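Residue 42 in our numbering is what sits at position 13 of the sequence shown, and the numbering runs on without skipping anything. Notes follow the structure.
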Amino acid sequence: MRSMGSSMRRKWEDAVVGLLLLALGMIMITPFLWMISVGFERTANVNAPFPPRLIPYDFSWFNYSLVFENGLMLKAYWNSAVNAFFSVLLSVSSALLGGYAFSRGRFKGKKILFILVLATMMIPFETTLIPMFIMFNDLHLIDTRYPIILPSLINAMGILLCKQFFDQLPEGLRESAKIDGAGEFKIFFHIFFPLAGPITATLAILSFQGSWNSFVWPLVVINSQDLKTVPLFLSQFSQESGTPLMGVTMATAAVSIIPVMVVFLIMQKYIIQSIALSGLKGE
30 MRSMGSSMRR
40 KWEDAVVGLL
50 LLALGMIMIT
60 PFLWMISVGF
70 ERTANVNAPF
80 PPRLIPYDFS
90 WFNYSLVFEN
100 GLMLKAYWNS
110 AVNAFFSVLL
120 SVSSALLGGY
130 AFSRGRFKGK
140 KILFILVLAT
150 MMIPFETTLI
160 PMFIMFNDLH
170 LIDTRYPIIL
180 PSLINAMGIL
190 LCKQFFDQLP
200 EGLRESAKID
210 GAGEFKIFFH
220 IFFPLAGPIT
230 ATLAILSFQG
240 SWNSFVWPLV
250 VINSQDLKTV
260 PLFLSQFSQE
270 SGTPLMGVTM
280 ATAAVSIIPV
290 MVVFLIMQKY
300 IIQSIALSGL
310 KGE
């Protein structure tokens, strides 16, 4: 009887928790659904729909067709995709190599250097914006892709996550490879890198999101319309008499988040898996 009562109690607890999570999920997704709905509202550019509603009163594809009408959105998509691809490549590569070096490397000053790398995480981006701008301006790289891509080469959080991940792997793998005469690079690329799939996928997702959603830094270093990214393109929808065209703006915002949502939904399982394997479970 006691076991049956405990089982029933657990089922009720699970049901309550499930309902609470469902309610929270609906609260969080409602703004996104409203954003999509306003994009389908034909008259939203004239009068913002009030009170807010999830079902468009005057359904139309007008706002979404307007977003792609002159091809600028497609060009912004291309620019963001190129920037994100190379940012992910540099960020993930440097984080994996740096994390492996701090995890398995044997060199003087490793702990101090690792502390310095972690210390960069406490420096606000705003304090480095002007020095970075001056540096890239002196190198005549302003209004090019380089100022957007190159800063991703230093990824302190990624190095920390990779180090924690590699720390969990058996040292015997490395020792066996060294006995067989393998060097450090061969050990990394043939043994540790193939095992680093979860953390690699996680870093790729985070780096992609960061690059795709970046606004302030591209706004500072990009002036040419041909190099505008999706967030910069979105910011252009400000209109006559200072009134934003809400329908077009919401349609553009809805279209701009599609790549991030698709990438995240496809690879989200790796985030949980890598956190579980990296020792960052709060234990």
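By construction, the Cβ of each residue, glycine as well, lies at the ideal position given by its N, Cα and C atoms. Quantities reported herein were computed from a predicted structural model and do not represent experimental measurements.
Report task. Evaluate Gln-193 with the Cβ neighbour count: other Cβ atoms within 10 Å of its Cβ, from every protein chain shown; 16 or more gives buried, anything less gives exposed. Result -> buried
**Report entry** CA-to-CA distance, Trp-241 to Ala-124, given in whole angstroms
**Finding:** 19 Å
**Report entry** Residue from Gly-100, Lys-104, Glu-70 whose Cα sits closest to the Cα of Phe-91
**Finding:** Glu-70
Query raised in the report: My guess is that Phe-262 and Met-102 are in contact by the Cβ rule of under 8 Å, so how many angstroms apart are they, rounded?
Result: 6 Å
Report task. Please go through the same chain and pick out, in chain order, the residues whose beta-carbon is closer than 6 Å to the beta-carbon of Gln-297, but skip the five residues on each side of it. Result -> none
Query raised in the report: Excluding sequence positions up to five away, which residues of its chain have a Cβ less than 6 Å from the Cβ of Phe-244?
Result: Pro-260
**Report entry** Which residues DSSP lists as bridging Glu-70, in chain order
**Finding:** Phe-88
Report task. Please go through the same chain and pick out, in chain order, the residues whose beta-carbon is closer than 7 Å to the beta-carbon of Lys-40, but skip the five residues on each side of it. Result -> none
Query raised in the report: Ile-177 and Trp-246 look like a contact to me (Cβ under 8 Å); what is the Cβ gap, rounded to whole Å?
Result: 7 Å
Query raised in the report: Where are the alpha helix (DSSP H) runs, 4 residues long or more, that stay fully inside the region 177-211, in chain order?
Result: 185-196, 200-208
Report task. Compute the Euclidean distance between the alpha carbons of Gln-197 and Pro-153, then round it to the nearest angstrom. Result -> 31 Å
Requested in this report: Find out if the Cβ-Cβ distance for the pair Phe-195, Ser-116 is shorter than 7 Å.
Outcome: no
Query raised in the report: Any chance the region 52-65 sits against the region 273-291, with 3 or more Cβ pairs inside 8 Å?
Result: yes
Query raised in the report: Should Ile-188 and Arg-203 be called a contact, given that it needs their Cβ atoms to be closer than 7 Å?
Result: no
Query raised in the report: Going by alpha carbons, who is nearest to Glu-98 out of Ile-287, Tyr-299, Val-277?
Result: Val-277
Query raised in the report: Roughly how many whole angstroms lie between the Cα atoms of Arg-38 and Leu-53?
Result: 23 Å
Query - Rounded C-alpha distance that separates Phe-218 from Leu-224 - result: 10 Å
Query - Residues of its chain near Thr-59, where Cβ-Cβ distance is below 6 Å and the 5 sequence neighbours each way are ignored - result: none
Query raised in the report: With a Cβ-Cβ cutoff of 7 Å, do Val-121 and Ala-233 count as a contact?
Result: yes
Requested in this report: State the Cα-Cα distance for the pair Lys-137 and Gly-239, rounded to the nearest angstrom.
Outcome: 33 Å
Query raised in the report: Are the Cβ atoms of Asp-257 and Ala-105 separated by less than 7 Å?
Result: Asp is not the amino acid found at residue 257; the sequence shown has Lys there. Taking 7 Å as the Cβ cut-off, Lys-257 and Ala-105 qualify as a contacting pair.
Query raised in the report: Where does Ala-148 land, buried or exposed, given buried means 16+ other C-beta within 10 angstroms?
Result: exposed
Report task. Report the option in Gly-100, Leu-49, Leu-170, Leu-51 whose CA atom is closest to the CA atom of Asn-336. Result -> In this structure the chain extends from 30 to 312, so residue 336 is not present and cannot be described.
**Report entry** Extent of the continuous alpha helix (DSSP H) run through Ala-230
**Finding:** 226-242
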